[in-house]
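Quick notes on the structure that follows.
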Amino acid sequence: MADNGHRPPMDQLTAHLDRGWDLVARGDLPGALISARKSLELDAESPEAHNLIGYIHAAEGNADDALDHYRQAIDLDDTFVEAMLNAAELLMHPVGDFDGALALVEDAIDLMEDDEELADAMLLKVDVLLHVGDREGAAQVVRALPEGPFDNPNIEFLVGRAKLEVGDAEGAEPHLRAALDRHPDHADAHYYLGLVLEQKRDSRGATVSFLQSREIDLRQPPPPWSLPVDQFERKVQASIMSLPAEARDMLDGALVVVGDVPGAEVVADGVDPRLAVLLDAVEDDPPKVGRVFIYQRNVERLASGMLGVEDEIAASVARELEAAFPKLSAAGAES
76 MADNGHRPPM DQLTAHLDRG WDLVARGDLP GALISARKSL ELDAESPEAH NLIGYIHAAE
136 GNADDALDHY RQAIDLDDTF VEAMLNAAEL LMHPVGDFDG ALALVEDAID LMEDDEELAD
196 AMLLKVDVLL HVGDREGAAQ VVRALPEGPF DNPNIEFLVG RAKLEVGDAE GAEPHLRAAL
256 DRHPDHADAH YYLGLVLEQK RDSRGATVSF LQSREIDLRQ PPPPWSLPVD QFERKVQASI
316 MSLPAEARDM LDGALVVVGD VPGAEVVADG VDPRLAVLLD AVEDDPPKVG RVFIYQRNVE
376 RLASGMLGVE DEIAASVARE LEAAFPKLSA AGAES
């Protein structure tokens with residue numbers, strides 16, 4: 076170690092990287108980016124610095140810049156599985172390059188020996204396969220997952236979610252409960268346990284889980300790129316105007332209300348707490364909607380970033396209209 080009172084460069088690099096990740100955890104993305112860029116100033120070929128910058132850009136909703144840095148990290152270290160998996164997640168969503176995502180995940184799996192890390196990568200492969208409609212392929216990967224138990228409660232949650240998504244609700248429940256035993260404020264685990272209990276026709280248990288997930292979701296900070304309410308409302312109006320004329324006619328004159336998430340009272344009545352759009356006062360003849368509730372937190376959960384908000388609102392409204400007026404959606408599919 077140097078004896079001149081200064082840390083060697085590698086210690087400085089590690090300090091900036093550690094601070095960057097700490098600031099990411101606190102939600103201070105601008106501060107994290109400053110630390111990450113200082114890391115690159117110390118070592119322009121640090122794969123860890125490029126991975127950190129990529130993660131920050133991804134959290135900001137900037138997929139292109141994030142992927143550029145993840146690829147640089149992988150070019151510098153072709154065994155850097157964390158960067159591979161981070162890039163694969165972005166390629167899956169929002170980019171939609173499922174072949175590229177699958178290739179990176181499989182490369183990462185080939186490099187892994189630790190059961191917990193292997194499970195994490197295999198679970199991402201399940202997500203990719205489900206996105207492309209290969210349910211049987213996803214089920215095969217789920218059946219091949221390491222048995223656990225896992226030290227990380229989030230891995231327990233992800234295994235439970237994967238089992239539910241391939242149709243194994245009974246197998247999902249123990250993993251979701253194990254995750255909640257160690258992390259009672261895990262909103263996603265509460266939500267997916269609610270889905271499991273709903274399938275088991277335990278409506279009371281499902282409602283309790285959904286209400287818990289809603290409460291925890293509301294305590295979490297919004298994404299750093301979250302829009303002020305007035306700007307979000309303008310996005311809502313623009314999204315509705317972008318819909319086909321038939322859909323706009325159904326919404327003409329409707330009261331549009333923006334909120335954070337569905338209210339506890341409607342969740343208790345069976346509404347999904349993570350629903351992005353709720354149509355109310357629906358009339359069949361002629362097809363009209365009296366009220367439209369848009370839930371900003373849930374839209375932002377689905378959107379890929381600030382630039383994806385408008386498209387996500389339009390897509391969510393369109394889905395709810397098709398659900399409310401199935402005859403019209405069927406007629407549209409035939410034409």
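Residues in the sequence shown are numbered consecutively from 76, following the numbering used here.
For each residue, glycine too, the CB sits at the ideal point set by N, CA and C.
Comparing C-alpha positions only, which one of the options sits nearest to residue i?
| i | options | result |
| --- | --- | --- |
| Arg323 | Arg294, Val367 and Gln295 | Val367 |
| Leu166 | Asp152, Tyr145 and Asp344 | Tyr145 |
| Leu220 | Ala133, Gly208, Val207 and Gly246 | Gly246 |
| Asn250 | Pro259, Phe232 and Ala244 | Checking the displayed sequence, the identity of residue 250 turns out to be His instead of Asn. With distances taken between Cα atoms, His250 lies closest to Phe232. |
| Asp189 | Ala133, Gly223 and Gly380 | Gly223 |
| Val201 | Glu192, Ala214 and Leu193 | Ala214 |
| Val207 | Lys402, Ala176 and Ile230 | Ala176 |
| Asp209 | Asp174, Arg276 and Ile184 | Asp174 |
| Ala244 | Met325, Asp172, Ala141 and Arg276 | Arg276 |
| Asp359 | Lys402, Ala264 and Asn373 | Lys402 |
| Gly212 | Asp143, Lys238 and Ala253 | Lys238 |
| Asp103 | Val203, Pro296 and Ser284 | Pro296 |
| Ala389 | Glu248, His258, Leu318 and Ala196 | Leu318 |
| Asp335 | Leu302, Ala253, Thr89 and Ala141 | Leu302 |
| Asp478 | Gln312, Thr282, Val180 and Leu205 | Residue 478 is absent from the model: the chain starts at 76 and stops at 410. |
| Gln312 | Pro259, Glu385 and Asp140 | Glu385 |
| Gln274 | Glu248, Asp260, His258 and Gly171 | Glu248 |
Roughly how many whole angstroms lie between the Cα atoms of residue i and residue j?
| i | j | result |
| --- | --- | --- |
| Leu117 | Asp86 | 10 Å |
| Phe307 | Ala378 | 13 Å |
| Glu387 | Leu354 | 16 Å |
| Ile131 | Pro361 | 48 Å |
| Ser410 | Val331 | Per-residue confidence for Ser410 stands at a pLDDT of 43, beneath the threshold of 50, marking its modelled position as unreliable; the derived number appears in the next sentence. Ser410 and Val331: Cα-Cα distance of roughly 30 Å. |
| Ala320 | Ala393 | 12 Å |
| Val352 | Gln371 | 9 Å |
| Val328 | Gly365 | Per the sequence shown, the amino acid found at residue 328 is Gly instead of Val. C-alpha separation (whole angstroms): 7 Å. |
| Val152 | Pro122 | Reading the sequence as shown, one finds Asp at residue 152 and not Val. Approximately 6 Å between the Cα atoms of the pair. |
| Glu397 | Ile109 | 46 Å |
| Asn227 | Met381 | 30 Å |
| Ser391 | Ser288 | 21 Å |
| Trp96 | Lys113 | 13 Å |
| Asp150 | Pro337 | 45 Å |
| Asp93 | Ala124 | 10 Å |
| Ser278 | Glu375 | 28 Å |
| Leu350 | Asn373 | 6 Å |
| Leu270 | Ser284 | 9 Å |
| Ile315 | Lys363 | 14 Å |
| Leu204 | Pro105 | 34 Å |
| Leu326 | Ala356 | 11 Å |
| Asp185 | Leu115 | 29 Å |
| Leu88 | Ala119 | 11 Å |
| Thr154 | Leu98 | 26 Å |
| Val180 | Ala196 | 6 Å |
| Arg294 | Glu395 | 27 Å |
| Ala399 | Pro348 | 18 Å |
| His91 | Glu192 | 25 Å |
| Leu272 | Pro259 | 17 Å |
| Gly80 | Asn126 | The pLDDT assigned to Gly80 is 44, lower than 50, so where the model puts this residue is not dependable, and the model offers no usable value. |
| Ala178 | Asp140 | 20 Å |
| Arg82 | Gly280 | With a pLDDT of only 43 at Arg82, under the threshold of 50, the placement of this residue in the model should not be trusted; the figure read from the coordinates follows. In a straight line, the C-alpha of Arg82 is about 56 Å away from that of Gly280. |
Checking the sheet assignment: what are the DSSP bridge partners for residue i?
| i | result |
| --- | --- |
| Glu358 | Lys363 |
| Tyr370 | Gly334 |
Contact defined as beta carbons within less than 8 Å: I believe residue i pairs with residue j. What is the distance between those atoms, to the nearest angstrom?
| i | j | result |
| --- | --- | --- |
| Val304 | Val346 | No, Val304 and Val346 are not in contact; Cβ-Cβ is about 21 Å, not under 8 Å. |
| Pro299 | Glu135 | 6 Å |
| Arg309 | Tyr267 | Wrong, their Cβ atoms sit about 34 Å apart, outside the cutoff. |
| Leu255 | Val342 | Contact flag wrong, Cβ pair sits at about 18 Å. |
| Ala148 | Pro169 | Not really, about 20 Å apart at Cβ, beyond 8 Å. |
| Ala111 | Ile128 | 5 Å |
| Leu198 | Val241 | Not confirmed; about 11 Å, so no contact. |
| Val217 | Met187 | About 17 Å; that fails the 8 Å criterion. |
| Ala194 | Phe225 | 7 Å |
| Leu160 | Ala183 | 6 Å |
| His265 | Ile230 | Actually they are not in contact, since the Cβ atoms of His265 and Ile230 sit about 17 Å apart, beyond 8 Å. |
| Ala162 | Leu142 | 6 Å |
Runs of alpha helix (DSSP H) wholly within the region 84 to 135 (minimum 4 residues, chain order): Counting whole runs of 4 or more residues, the region 84 to 135 contains the alpha helix (DSSP H) stretches 84 to 101, 104 to 117 and 122 to 134.
What are the complete alpha helix (DSSP H) segments, minimum 4 residues, inside the region 321 to 355? 339 to 343
Length-filtered (3 minimum) beta strand (DSSP E) runs lying within the region 201 to 249: Listed in chain order, there is nothing to give.
Please give the ranges of any beta strand (DSSP E) in the region 132 to 170, keeping only runs that are unbroken, at least 3 residues long and fully inside the region. Fully enclosed beta strand (DSSP E) runs of 3 or longer: not present.
At 3 residues or longer, what runs of the beta strand (DSSP E) sit wholly inside the region 286 to 315? none
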